[in-house]
Amino acid sequence: MKIKSIKFFFKLIFLLVAVSATGNLYAQKTSKIELEGANSLEYDKDIGPNVKRLIGDVRFRQGNTTLTCDSAYLYTDVNCIDAYGNVHIVSGGNNIYGDTLKYNGDSKIAELLVNVKMEDKQMTLTTNHLIYNLNTDVGHYFEGGKIVDKKNTLTSRRGFYFSKKKEFFFKDTVVLVNKEYIMRSDTLMYNTQTDVSYFYGPTTIVSKENNIYCENGWYDTKKDISQFNKNAVFKNKEQTLKGDSLYYDRIKGIGKAFKNVNIKDSVQKVILTGEYALYFEKKGNTMITDNAVLTKIMDKDSLFLHADTLRAIFDSTKTNKTLFAFHKAKFFKKDLQGMSDSIVYIYKDSIINLYRSPILWTSGNQLTADTIKMILGNNEIKQINLYSSSFLVSRDDTAGFTIAKDKKAIVDSLKFNQVKGKNIVGLFVKNELKLINVYGNGETIYVVKESTGETIGLNKAESAEMKIVLTDNKIQKITFISLPNAVLFPEKDLLPSEKLLKDFKWYSYLRPENKEEIFNWAPLNPMAKPSKTR
């Protein structure tokens with residue numbers, strides 16, 4: 065139901081109550097109010113010839129309904145009563161009390177004023193002005209009311225009570241108090257038998273563990289499950305969850321979010337977005353899919369990561385969190401980009417692991433291996449470890465080159481500095497690669513130049529282990545730990561294929577240039593064209 069229709073709905077209920085009262089008036093045979101007793105009886109000619117004034121222990125009956133009070137006027141010609149003091153009506157399992165009563169015996173509508181209380185087996189209603197139809201068992205108040213049952217206390221400015229259905233309709237400044245939470249709403253429908261409430265308009269639910277806001281939804285207070293719609297927000301001490309629609313099971317501690325999902329972790333400075341999310345409150349674990357994106361907020365820059373599925377999981381101590389990005393994982397940061405089938409981010413240690421065909425780009429470097437580990441510190445890259453089939457490539461920027469329109473590099477027209485080995489460790493200073501250590505089966509090809517910048521040739525070397533020092537992303541010094549096999553070739557003496565180490569690949573077309581391109585995905589084929597994953 066749309067919020068703008070609530071006023072119409074409220075008027076409709078009022079109209080239906082009125083029509084119901086009229087219908088019952090003509091559908092049923094009216095009976096006279098019977099006087100069962102009083103301590104004294106007088107005729108008050110000043111008020112009318114058919115008016116009886118009754119004082120002390122006054123008792124009336126009409127069908128199965130009984131009425132007692134301290135004093136009353138009985139209008140026999142119109143079948144009405146004005147009752148005063150300790151008014152008590154018993155009808156259909158309901159007990160109704162008040163200081164003053166106006167009762168029409170034909171319509172069976174009772175209007176009670178001051179200190180009004182209505183009770184049944186499940187709840188108690190208190191107000192200062194109640195209109196109650198004994199035919200339909202429908203009551204309503206307009207000057208504030210309070211309903212109390214075993215679990216809840218509810219107050220509102222206006223309300224209707226459908227006794228047979230055990231349903232309430234509340235409007236204006238609605239507050240539902242439970243030992244676990246407090247709900248505030250503009251409009252609320254509540255069933256005292258099912259303990260299910262439906263709310264419309266701005267609504268908040270506040271508990272010790274979390275706060276919830278929405279503008280439409282329902283809450284089963286018996287089962288402690290709920291659905292929140294329209295601008296829905298779920299918030300606890302560390303995280304804020306938003307979505308077009310939220311489902312929450314308080315007992316199980318499970319939440320679900322649908323469409324335009326946004327999860328913000330203020331402690332880890334991480335934002336997760338997508339179209340569907342599953343949240344396990346007790347463990348603090350989260351899963352998000354459908355255009356899933358992680359944004360890691362940093363001081364000067366942010367990292368944006370996309371994958372088919374993102375999972376944020378705590379360890380058994382509930383203090384250390386790990387993010388898993390499954391399938392077609394790709395990320396962008398201004399000074400760092402990467403992709404692989406799966407990525408694991410260990411928050412505590414600031415370690416990012418890339419598995420299955422990983423690629424990293426930092427400045428002018430491309431790094432590939434079977435597995436890659438990045439170690440971060442103070443939001444900067446400190447170290448990158450390449451494990452098995454490790455390959456590091458950087459383009460020699462002074463060489464002439466062209467890039468095709470579809471971003472595929474024309475390799476033959478480029479010169480590349482290349483480092484290959486079983487395992488490679490790269491050390492960084494202020495996000496710039498400064499030192500490369502190669503362990504096992506080391507091979508390198510790098511451009512050798514005069515001090516003037518003119519190219520002398522390409523140096524090809526092999527050594528089990530080597531150490532390479534870089535400045536401004538250019539090789540300055542190579543130290544071979546074991547006896548090397550090194551030869552300097554004039555560039556003209558080498559065929560294009562001889563300028564590249566075995567298994568050389570150049571994946572520039574896969575490198576994201578902005579955060580929007582993390583959704584572009586293509587297989588690891590230099591001739592393939594990228595395609596969007598969303």
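Numbering-wise (the numbering used here), the sequence shown opens with residue 65 and increments by one.
Where a beta carbon is used, it is the ideal one built from N, C-alpha and C, also for glycine.
*asked:* Going residue by residue through the segment 510 to 552, where are the continuous alpha helix (DSSP H) segments of at least 4 residues, counting only ones entirely within it?
replied: Those alpha helix (DSSP H) runs which fall completely within the segment 510 to 552 and span 4+ residues do not exist here.
*Got a sec? Which residues, its chain only, sit under 6 Å from residue 312 by beta carbon, not counting five neighbours each side?*
Position 248 of the sequence shown, counted from the start, is the residue given in the question as residue 312. Same-chain partners within the cutoff: 290, 319.
*At a Cβ threshold of 7 Å, is residue 187 touching chain C?*
The question asks about chain C, but that chain is absent: this structure has only one protein chain.
*Bridge-paired residues (DSSP) for residue 411*: By 1-based counting over the sequence shown, the position of residue 411 is 347. Paired residue(s): none; residue 411 is not in a bridge.
*Return the Cβ separation of residue 447 and residue 490 in integer angstroms, given the expectation that the two are a contact with Cβ distance under 8 Å.*
One-based indexing of the sequence shown puts residue 447 at position 383. One-based indexing of the sequence shown puts residue 490 at position 426. The beta carbons of residue 447 and residue 490 sit about 7 Å from each other, so the pair counts as a contact at 8 Å.
*Candidates 385, 101, 219, 442, of which the one nearest residue 411 by Cα*: In the sequence shown, the residue the question calls residue 411 occupies position 347. It is 385 whose Cα lies nearest to the Cα of residue 411.
*Three CB pairs or more closer than 8 Å across the segment 533 to 543 and the segment 355 to 368*: The segment 533 to 543 is not in contact with the segment 355 to 368.
*Residue closest to residue 347, alpha-carbon to alpha-carbon, out of 561, 95, 339, 317*: In the sequence shown, counting from the first residue as 1, residue 347 sits at position 283. Shortest Cα-Cα distance from residue 347 to any of 561, 95, 339, 317 involves 317.
*Could you please give the first and the last residue of the uninterrupted beta strand (DSSP E) stretch that includes residue 424?*
As a position in the sequence shown, residue 424 is number 360, starting the count at 1. Counting along the chain, the beta strand (DSSP E) containing residue 424 begins and ends at 423 to 426.
*Mind checking whether residue 387 and residue 376 have CB atoms under 7 Å apart?*
In the sequence shown, the residue the question calls residue 387 occupies position 323. In the sequence shown, the residue the question calls residue 376 occupies position 312. A contact, by the Cβ cut-off of 7 Å.
*Compare the Cα-Cα distances from residue 335 to each of 369, 293, 280, 454 and report the closest residue.*
Working through the sequence shown from its first residue, we reach residue 335 at position 271. In terms of Cα proximity to residue 335, the closest of 369, 293, 280, 454 is 369.
*Are there 16 or more other CB atoms within 10 angstroms of the CB of residue 464, so buried, or fewer, so exposed?*
Along the sequence shown, read from residue 1 onward, the residue named residue 464 stands at position 400. Caution is warranted here: a pLDDT of 32 is assigned to residue 464, below 50, making its placement in the model unreliable, and no coordinate value can be reported.
*Beta-carbon separation of residue 418 and residue 445 under 7 Å?*
Here residue 418 corresponds to residue number 354 of the sequence shown, with the count starting at 1. Here residue 445 corresponds to residue number 381 of the sequence shown, with the count starting at 1. Their beta carbons are not under 7 Å apart, which means residue 418 does not touch residue 445 by this criterion.
*Looking only at C-alpha atoms, which of 333, 264, 565, 297 sits nearest to residue 323?*
In the sequence shown, the residue the question calls residue 323 occupies position 259. For residue 323, the closest alpha carbon among the candidates 333, 264, 565, 297 is that of 297.
_Taking the beta strand (DSSP E) that residue 429 belongs to, which residues open and close that run?_
In the sequence shown, counting from the first residue as 1, residue 429 sits at position 365. 429 to 432 is the extent of the beta strand (DSSP E) around residue 429.
*Is it buried or exposed for residue 81, if we count other Cβ within 10 angstroms and need 16 for buried?*
As a position in the sequence shown, residue 81 is number 17, starting the count at 1. Residue placement at residue 81 cannot be trusted, given a pLDDT of 42 that sits under 50; the coordinates are not used to answer.
*From the DSSP output, in three-state form, read off residue 353 for me.*
Within the sequence shown, numbered from 1, the residue matching residue 353 stands at position 289. DSSP places residue 353 in the strand class (E or B) of the three-state scheme.
*Determine which residues share a DSSP beta bridge with residue 150 and list them.*
As a working note, residue 150 is residue 86 in the sequence shown. DSSP lists no partner for residue 150.
*In three-state terms, what does DSSP make of residue 576?*
If you number the sequence shown from 1, residue 576 lands on position 512. In the three-state reduction of the DSSP assignment, residue 576 falls in the coil class, being assigned neither a helical nor a strand state.
*List the DSSP bridge partners of residue 253.*
Translated into the one-based positions of the sequence shown, residue 253 becomes position 189. Answer by DSSP bridge pairing, in chain order: 233, 262.
*Is it buried or exposed for residue 90, if we count other Cβ within 10 angstroms and need 16 for buried?*
Indexing the sequence shown from 1 puts residue 90 at position 26. The pLDDT assigned to residue 90 is 40, lower than 50, so where the model puts this residue is not dependable, and the model offers no usable value.
*For residue 205 versus residue 223, is the C-beta spacing smaller than 7 Å?*
To locate residue 205, count along the sequence shown from 1; it is residue 141. To locate residue 223, count along the sequence shown from 1; it is residue 159. For residue 205 and residue 223, yes; Cβs fall inside 7 Å.
*Where does residue 82 sit, in a helix, a strand or coil, going by DSSP?*
Along the sequence shown, read from residue 1 onward, the residue named residue 82 stands at position 18. Only weak support is given to the placement of residue 82: the predicted model assigns it a pLDDT of 41, under 50, and the question is left unresolved by the model.
*7 Å Cβ cutoff met for residue 271 and residue 302*: Counted from its first residue, the sequence shown places residue 271 at position 207. Counted from its first residue, the sequence shown places residue 302 at position 238. In this structure, residue 271 keeps its C-beta atom at 7 Å or more from the C-beta atom of residue 302.
*Expressed to the nearest angstrom, what Euclidean distance is found between the alpha-carbon atoms of residue 209 and residue 170?*
Here residue 209 corresponds to residue number 145 of the sequence shown, with the count starting at 1. Here residue 170 corresponds to residue number 106 of the sequence shown, with the count starting at 1. Rounded to whole angstroms, residue 209 to residue 170 spans 27 Å at the Cα level.
*asked:* Which complete beta strand (DSSP E) runs does the segment 166 to 222 hold, if anything under 3 residues is left out?
replied: With a minimum length of 3 residues, the continuous beta strand (DSSP E) runs that stay inside the segment 166 to 222 are 173 to 183, 188 to 197, 202 to 205, 209 to 212, 216 to 220.
*Any idea what DSSP makes of residue 469, helix, strand or coil?*
In the sequence shown, the residue the question calls residue 469 occupies position 405. Any reading at residue 469 needs caution, since the residue's pLDDT is 39, under 50, leaving its predicted position unreliable; the model's value is listed next. Coil.
*With respect to the beta strand (DSSP E) encompassing residue 125, which residues constitute its N-terminal and C-terminal limits?*
Residue mapping note: residue 125 aligns to position 61 of the sequence shown, counting from 1. In the DSSP assignment, residue 125 falls within the beta strand (DSSP E) that extends over 115 to 126.
*When you compare only the Cα positions, how much space is there between residue 550 and residue 405?*
Locating residue 550 in the sequence shown gives position 486, where the first residue counts as 1. Locating residue 405 in the sequence shown gives position 341, where the first residue counts as 1. Those two C-alpha atoms are separated by around 36 Å.
*asked:* Whether or not the segment 278 to 295 and the segment 249 to 269 are in contact is what I'm after, with contact meaning three or more pairs of Cβ atoms, one per stretch, closer than 8 Å; do they touch?
replied: Yes: at least three Cβ pairs fall under 8 Å.
*Using the Cα positions of residue 228 and residue 350, report the straight-line distance between them to the nearest angstrom.*
Numbered from 1 along the sequence shown, position 164 holds the residue referred to as residue 228. Numbered from 1 along the sequence shown, position 286 holds the residue referred to as residue 350. Counting only the Cα atoms, residue 350 lies some 44 Å from residue 228.
*Taking 7 Å as the cut-off, decide whether the C-beta atoms of residue 100 and residue 117 are in contact.*
By 1-based counting over the sequence shown, the position of residue 100 is 36. By 1-based counting over the sequence shown, the position of residue 117 is 53. With respect to the 7 Å criterion, residue 100 and residue 117 are not classified as neighbours on the basis of their beta carbons.
*Got a sec? Which residues, its chain only, sit under 6 Å from residue 254 by beta carbon, not counting five neighbours each side?*
Here residue 254 corresponds to residue number 190 of the sequence shown, with the count starting at 1. Cβ within range, chain order: 232, 261.
_Taking only three categories from DSSP, how would you classify residue 111?_
Counting from one through the sequence shown, the residue named residue 111 turns up at place 47. Coil, per DSSP.
*Should residue 495 and residue 399 be called a contact, given that it needs their Cβ atoms to be closer than 7 Å?*
Taking the first residue of the sequence shown as position 1, residue 495 is located at position 431. Taking the first residue of the sequence shown as position 1, residue 399 is located at position 335. Taking the C-beta atoms as reference points, residue 399 is found nearer than 7 Å to residue 495.
*With C-beta atoms as the reference, is residue 148 less than 7 Å away from residue 132?*
The residue given as residue 148 occupies position 84 in the sequence shown. The residue given as residue 132 occupies position 68 in the sequence shown. Judged by their CB atoms, residue 148 and residue 132 are not nearer to each other than the 7 Å cut-off.
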